[in-house]
Amino acid sequence: MTAPLGWQTARIAEIVPRGARVKSFFLAPERPFVFKAGQHVDLRLTAEDGYQARRSYSIASSPGQPERLELAVEKLEDGEVSSFFHEVAQVGDEIELRGPIGGHFVWDVADGGPLLLVGAGSGVAPLMAMLRHRADQGAATPALLLLASRSWDEALFRDELIGLESRQDGFRLMIATSRDAPRRAGDHGRRFDRPMAAEALAGLPEAPRHVFICGSNAFVEAAAGALLDEGVAPGVIRTERYGG
Amino acid sequence: MATRGFGGRRTPADVASRIPPGQALTTGFPVLSAGPTPRVKLAEWSFTLKVGPRPLVKWDWDAFNALPRTRITRDIHCVTTWSKLDTDWEGVTIDDLLAAAGFAAPPTPFVLAHGFDGYSTNVPSADLVGGKAMVALSYDGAPLAPDHGGPARLLVPHLYFWKSAKWLSGLQFTETDTAGFWELRGYHMYGDPWREQRYHDDL
Ligand SMILES: Cc1cc2nc3c(=O)[nH]c(=O)nc-3n(C[C@H](O)[C@H](O)[C@H](O)COP(=O)(O)OP(=O)(O)OC[C@H]3O[C@@H](n4cnc5c(N)ncnc54)[C@H](O)[C@@H]3O)c2cc1C
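Each protein sequence line maps, in turn, to chains A and B. Position 82, counted from 1, in the first sequence is what the UniProt record's numbering calls 82; the numbers after and before it change by one each time, with no gaps. Position 106, counted from 1, in the second sequence is what the UniProt record's numbering calls 106; the numbers after and before it change by one each time, with no gaps.
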């Protein structure tokens, strides 16, 4: 990764609510850049007196659309930056952005599969970029996403993912809702656990070559632990942790 | 460029001078790592000091714990923009480690720190000596938790925290500054939070 990463301005082109706690912000960067599915950008907000706050957000959109980046921002109670996005930011506002960043939690169709993706809450964002990239490329890489969510309504990108699964091109979706009963055959109404890890692994034609896990640290620890218990090699697991 | 409508949350004035630019104070202890937490058993744990490719000294858990202990309180700064003040650590300073290995000074100008998970990170030797760094074995008075790098992690608090390699398996002294895991993936070779050296093209 050697491209310059300087700050640039991006305009908020569209805001789309996604369930009760997440909003997607579609950003049009002044100078679009090449990126890989799974990478993130840093955003910087500046107050009138020069005070600045910066945070990282994964790109959820496909690398095929560099002029329109989707960031899925989850609202945290009293969160300095996420609350600004949820309560203040409007279409037309300009935000400073720097990227792409991160050279580890990335996947390209050329990396092959099977691919096991495990995400909770807004942690699905970088995994969504991988699946959109896979679909854009018309790849048949065997892939399974375990989407963990509190409720059916909050399951991020749910309808688009169900649509991707219906293409029957080797992608399978398992939704685990901790507070709702399962809605579809093969879904689960509980938190991610070891039996679910075993089932996800059985849903792939062979052992996964790449495993990507993203979410809060507690979720990532639990999910990685369950997969290690089921015999997944530590070296194939990559993690991205959003917070304590 | 001011962001429309952004007021921001200010750092309390009494600690503001301790927070580097672009950082925000946290009271939690967020965790970041590139892979799963490795399962390191104390019976299988070891720590190796190398010069170039040559292993010079290897300690097992008991021998390492018999080395002199130092307790320090430091502020730490993660590149993902959180800073945490007054964190309390105990471990073996690199000065004591070198002395135990029979060195009066670092044998080479650079170090590559290695973790049991295959992680590595580079630090100039000068940044590890003079009480500036340690191999930490405990945090806040308790053995270091696995997700925070236990049994042992490097602690170089004056640099961004990715330099403080978790699940430390050894230090390798090198003649040249050799990029480690994140340094090969776009992050800065040195990582001084006060100069905001986050990514490779930051000065
Ligand atoms: C590589 C990466 C990618 C990310 N991608 C996304 C994404 O796609 N969508 C999304 O919603 N969020 C993402 N995050 C999290 C995001 O960067 C912010 O941490 C989050 O939005 C909270 O910021 P805030 O200002 O609203 O909350 P804050 O005001 O920062 O506070 C929220 C709480 O979390 C603690 N905290 C502060 N910073 C961190 C931190 N870095 N890690 C853990 N805890 C912290 C604070 O102490 C406080 O208790 C990502 C984080 C990383 C590191």
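Note that the Cβ used here is the ideal one computed from N, Cα and C, for glycine as well.
CB contact below 9 Å: Thr-2/A versus chain B: In the first sequence, residue 2/A corresponds to position 2, counting from 1. The predicted position of Thr-2/A is uncertain, since its pLDDT is 45 and thus under 50; a value taken from the coordinates is nonetheless stated next. Yes, Thr-2/A counts as interfacial toward chain B.
DSSP-derived helix/strand/coil call for Ile-19/B: Taking the first residue of the second sequence as position 1, residue 19/B is located at position 19. In the structure shown, Ile-19/B sits in coil (DSSP, three-state: anything other than H, G, I, E or B).
Inter-residue CB distance, Tyr-187/B and His-200/B (contact presumed, cutoff 8 Å): As a working mapping, residue 187/B is identified with position 187 in the second sequence. As a working mapping, residue 200/B is identified with position 200 in the second sequence. Sure, about 7 Å apart at Cβ, within 8 Å.
Enclosing alpha helix (DSSP H) for Ala-202/A [first to last residue]: By one-based count along the first sequence, residue 202/A stands at place 202. Start and end: 194 to 202.
Whole-Å CB distance - Arg-55/A paired with Val-81/A, under 8 Å assumed: To locate residue 55/A, count along the first sequence from 1; it is residue 55. To locate residue 81/A, count along the first sequence from 1; it is residue 81. Rounded, the Cβ-Cβ distance is 5 Å, consistent with contact.
Endpoints, the beta strand (DSSP E) within which Arg-11/A is located: By one-based count along the first sequence, residue 11/A stands at place 11. Per DSSP, Arg-11/A belongs to the beta strand (DSSP E) from 8 to 18.
Straight-line Cα distance separating Leu-155/B from Asp-62/B: Start at 1 with the first residue of the second sequence, and residue 62/B comes out as number 62. Start at 1 with the first residue of the second sequence, and residue 155/B comes out as number 155. About 20 Å.
Residues bridged to Gln-65/A (per DSSP): Within the first sequence, residue 65/A is the residue found at index 65, counting from 1. None, per the DSSP bridge assignment.
Cα-Cα separation between Ser-11/B and Arg-18/B, rounded to whole angstroms: Taking the first residue of the second sequence as 1, we reach residue 11/B at position 11. Taking the first residue of the second sequence as 1, we reach residue 18/B at position 18. With the sequence shown as reference, residue 11/B is identified as Thr, and Ser is not the correct amino acid for it. The straight-line gap from Cα to Cα measures roughly 10 Å.
Per DSSP, the bridge partner or partners of Lys-50/B: On the second sequence, position 50 is the one that residue 50/B refers to. Answer by DSSP bridge pairing, in chain order: Pro-55/B and Gln-172/B.
Helix, strand or coil at Glu-196/B [DSSP, three-state]: Indexing the second sequence from 1 puts residue 196/B at position 196. Looking at Glu-196/B - three-state DSSP - the assignment turns out to be coil, as it is neither helix nor strand.
Beta-carbon spacing of Arg-241/A, Asp-111/A below 9 Å: Translated into positions along the first sequence, residue 241/A becomes position 241. Translated into positions along the first sequence, residue 111/A becomes position 111. Cβ distance not < 9 Å, so Arg-241/A and Asp-111/A don't count as in contact.
Classification of Val-123/B by the beta-carbon crowding that lies within 10 angstroms, buried from 16 upward: Taking the second sequence and counting its residues from 1, one reaches residue 123/B at position 123. Its Cβ being crowded by 16 or more others within 10 Å, Val-123/B is buried.
Status (buried if at least 16 other CB within 10 Å, exposed otherwise) for Ala-129/A: Indexing the first sequence from 1 puts residue 129/A at position 129. Ala-129/A should be labelled buried.
Cβ-based neighbour list, Arg-190/A, same chain, cut-off 7 Å, excluding 5 preceding and 5 following: Walking along the first sequence from the start, residue 190/A turns up at place 190. Only Ala-176 and Ser-178 meet the Cβ criterion.
Own chain residues within Cβ distance below 7 Å of Glu-74/A, not counting five before or after: Taking the first residue of the first sequence as 1, we reach residue 74/A at position 74. Excluding residues within five positions, the ones whose Cβ falls inside 7 Å are Arg-21, Val-22, Ser-82, Gly-121 and Ser-122.
Helix, strand or coil at Leu-42/B according to DSSP, with G and I counted as helix: Mapped onto the second sequence, residue 42/B falls at position 42. Helix, per DSSP.
Any C-beta of chain A under 9 Å from that of Leu-32/B: Working through the second sequence from its first residue, we reach residue 32/B at position 32. Closer than 9 Å: yes.
Proximity test, Cβ basis, 9 Å: Gly-180/B and chain A: Here residue 180/B corresponds to residue number 180 of the second sequence, with the count starting at 1. With 9 Å as the cut-off, Gly-180/B does not count as an interface residue toward chain A.
Neighbourhood of Ala-60/A by C-beta distance below 6 Å, restricted to the same chain and skipping five residues each side: On the first sequence, residue 60/A is found 60 positions in, with the first residue counted as 1. Within the same chain, Ala-60/A has close Cβ partners Glu-70, Ala-72, Ala-125, Met-128 and Ala-129.
As assigned by DSSP and simplified to three states, the class of Gly-115/B: Taking the second sequence and counting its residues from 1, one reaches residue 115/B at position 115. Strand at Gly-115/B.
As assigned by DSSP and simplified to three states, the class of Pro-126/A: Numbered from 1 along the first sequence, position 126 holds the residue referred to as residue 126/A. Pro-126/A falls in the helix class under three-state DSSP.
Tyr-119/B beta carbon near ligand 1 (any heavy atom closer than 8 Å): Along the second sequence, one-based indexing puts residue 119/B at 119. Flag unset: Cβ of Tyr-119/B not near ligand 1.
Beta carbon of Thr-239/A nearer than 9 Å to that of Phe-105/A: The count along the first sequence starts at 1 and reaches residue 239/A at position 239. The count along the first sequence starts at 1 and reaches residue 105/A at position 105. Against a cut-off of 9 Å, the Cβ pair of Phe-105/A and Thr-239/A comes out as a contact.
The region 191 to 199 of chain A in contact with the region 159 to 167 of chain A per 3-pair CB rule at 8 Å: no
Local Cβ density within 10 Å of Ala-66/B, reported as buried at 16 or more and exposed below that: Indexing the second sequence from 1 puts residue 66/B at position 66. Exposed, because fewer than 16 other Cβ atoms sit within 10 Å of the Cβ of Ala-66/B.
Rounded straight-line distance, which links the Cα of Leu-56/B to that of Val-92/B: Taking the first residue of the second sequence as position 1, residue 92/B is located at position 92. Taking the first residue of the second sequence as position 1, residue 56/B is located at position 56. Val-92/B and Leu-56/B: Cα-Cα distance of roughly 18 Å.
Rounded Cβ spacing between Ser-33/B and Glu-90/B (contact assumed at less than 8 Å): Your numbering for residue 33/B matches position 33 in the second sequence. Your numbering for residue 90/B matches position 90 in the second sequence. Ser-33/B to Glu-90/B, Cβ: 22 Å. No contact.
Range of the contiguous alpha helix (DSSP H) that encloses His-86/A: The sequence position of residue 86/A within the first sequence is 86, counting from 1. Looking at the DSSP string, the run of the alpha helix (DSSP H) that includes His-86/A is 80 to 87.
Gln-23/B burial status per 10 Å Cβ neighbour count (16 or more: buried): By one-based count along the second sequence, residue 23/B stands at place 23. It counts as buried.
C-beta atoms of Arg-153/B and Leu-159/B nearer than 9 Å: On the second sequence, residue 153/B is found 153 positions in, with the first residue counted as 1. On the second sequence, residue 159/B is found 159 positions in, with the first residue counted as 1. For Arg-153/B and Leu-159/B, no; Cβs fall outside 9 Å.
First and last residue of the uninterrupted beta strand (DSSP E) at Ala-226/A: Locating residue 226/A in the first sequence gives position 226, where the first residue counts as 1. Premise fails: Ala-226/A lies in the alpha helix (DSSP H), 217 to 229, not in any beta strand (DSSP E).
Sequence-distant residues of its chain with Cβ nearer than 7 Å to Thr-2/A (five each side left out): Residue numbering aside, residue 2/A sits at position 2 when the first sequence is read from its first letter. For Thr-2/A, the predicted model reports a pLDDT of 45, less than 50, meaning its position is unreliable; a value from the coordinates is still stated below. Closer than 7 Å at Cβ, skipping near neighbours: no residue.
Cβ pair count under 8 Å reaching 3, the region 2 to 16 of chain A against the region 213 to 229 of chain A: no
DSSP three-state assignment for Arg-54/A, whether helix, strand or coil: Sequence index remark: in the first sequence, residue 54/A carries index 54 (1-based). Correct three-state label for Arg-54/A: strand.
Selection of the region 37 to 56 of chain A by Cβ proximity to chain B, strictly under 7 Å: Leu-45, Thr-46, Ala-47, Glu-48, Tyr-51, Gln-52, Ala-53, Arg-54, Arg-55 and Ser-56
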